[in-house]
Amino acid sequence: MMKNRKFLTGFTFTALLLLLSVLYSIYLDAILPKPPEMIYGENHILLDAPPYPPGIPFIFGVDRFGGDVFWMVIDGAKYTVTIAMSAAILRVAFSVFGSIFYILYLGNLTFIIESFIRAIRFIPAVILAMIFFISSNTPDVSAGWLLGQQLIILVFIGVVPLMGFLGAEVRVFMDSDFISCSRTLGASKWWLIKHHILKHLQPRAFVLFTQQVVQTLLLLVHLGVFQILIGKIKEVTKFDGLYSGEKVTMSLTNEWSGLIGLSYHELMLDKWIILGPCIGFTLTIYAFRLMGKGLEEVLADSASRGVRVNNSRQLNKALALTKEPFELLYKENRGKI
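Going letter by letter, the sequence shown gives residues 100 to 436 in this note's numbering.
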């Protein structure tokens, strides 16, 4: 798997991003120089004040509160990517076991369950997320409990359609000839799940994980546009170097959807302020897409290699049944020469 260039590229980028994000919180934040509150020229003449446009040393610029946008994106990466990966893992896990359970044990209720799943598919995920997120974000709830509720919402939104997809695949797999033979020989449902179904779904689960991470990240982007973010928020006094007094809302974690949503008005003013988190989302989504494509190529190569090995074994067995295939012909024609 690690020999695949696409998978290796996406994995390396994601790992380095998370490592740099953790190092920033632990060590780099305390030693890196902060952007100047104001820039003065000769004779203490004010030349500029935040926000500063992108340049050196501020790659993504500086926002109106004096924060380096690049390091804000790096700081929020561990929260955004971790939330997306956690939601994806739980989605795939619940979908795998949920689809197996309702196909094998709830045969009489399959029609009702699949009708509910089809109905959920017609509702945009961002609409469901907005409804649940707004209702769960109350002032008296703690940050940890709020984050747990939001993670459950992200999992529920994706697990229902994914369970329908895997359920259809499990149903087709259960109609296979060797499954019918196993049942005829007395195999129980648990034996089929352990030795056949889970092994069949295991390779697909890794690909589905990368796809679900991408879907979760896209959902977070959409929520950010509607100014809905992960975690708690704080109110600060706006300061642009010249005057202050206006109360504005900021994210406590620098989570990327919050950086986009709470700075959405900057699209009409200083666009570079939201450019940083947009680039972070784009590169991370592309990295997980690369990992997904790499996994698909590895699985396809393994499947084709398995077919070649089986064909080679069958050929060797056929040749082993016949020893010296030209010996009789040689002996028969020997006296005629």
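Glycine residues also receive a C-beta, built at the ideal position from the N, C-alpha and C atoms.
Source: prediction; values computed, not measured.
Using only the alpha-carbon positions, how far apart do alanine 187 and glycine 330 sit?
Computed Cα separation, rounded: 18 Å.
Measuring alpha carbon to alpha carbon, tell me which residue in Pro152, Ala286 and Leu316 is nearest serine 185.
Proximity to serine 185 across Pro152, Ala286 and Leu316 peaks at Leu316, based on C-alpha coordinates.
Pair every Cβ in the segment 160-178 with every Cβ in the segment 116-128, then say whether three or more of these pairs are closer than 8 Å.
Yes, the segment 160-178 is in contact with the segment 116-128.
Reducing DSSP to helix, strand and coil, say where aspartate 147 ends up.
If DSSP states are grouped into helix, strand and coil, aspartate 147 belongs with the strands.
Inspect the beta-carbon positions of valine 312 and alanine 129 and report whether they are closer than 9 Å.
In this structure, alanine 129 does not lie closer than 9 Å to valine 312 by Cβ.
May I have the straight-line CA-CA distance separating glutamate 268 from isoleucine 226, to the nearest angstrom?
Looking at the two C-alpha atoms, the distance is approximately 28 Å.
May I ask which residues mark the beginning and end of the alpha helix (DSSP H) holding isoleucine 42?
Residue 42 falls outside the range modelled here, since the chain spans only 100 to 436, and no answer is possible.
Would methionine 262 pass as a contact of leucine 203 if the rule is Cβ separation under 9 Å?
Taking 9 Å as the Cβ cut-off, methionine 262 and leucine 203 do not qualify as a contacting pair.
Under 7 Å Cβ to Cβ from serine 120, same chain only, skipping five residues before and after it: list those, please.
Correct list, in chain order: Ile173, Asp174, Ala176 and Lys177.
How is valine 240 classed by DSSP in three states: helix, strand or coil?
Valine 240: coil per DSSP, three-state reduction.
Cβ of glutamine 314 within 9 Å of Cβ of glycine 360?
Going by C-beta atoms, glutamine 314 is not nearer than 9 Å to glycine 360.
Evaluate leucine 265 with the Cβ neighbour count: other Cβ atoms within 10 Å of its Cβ, from every protein chain shown; 16 or more gives buried, anything less gives exposed.
By the 10 Å Cβ count, leucine 265 comes out buried.
To the nearest angstrom, report how far apart lysine 370 and arginine 104 are at their CA atoms.
C-alpha separation (whole angstroms): 34 Å.
Based on DSSP bridge pairs, tell me the residues matched to glycine 161.
Glycine is not the amino acid found at residue 161; the sequence shown has valine there. Tyr151 and Asp167, per the DSSP bridge assignment.
On the three-pair Cβ rule with 8 Å, is the segment 295-307 touching the segment 189-202?
Contact holds: three or more Cβ-Cβ distances are below 8 Å.
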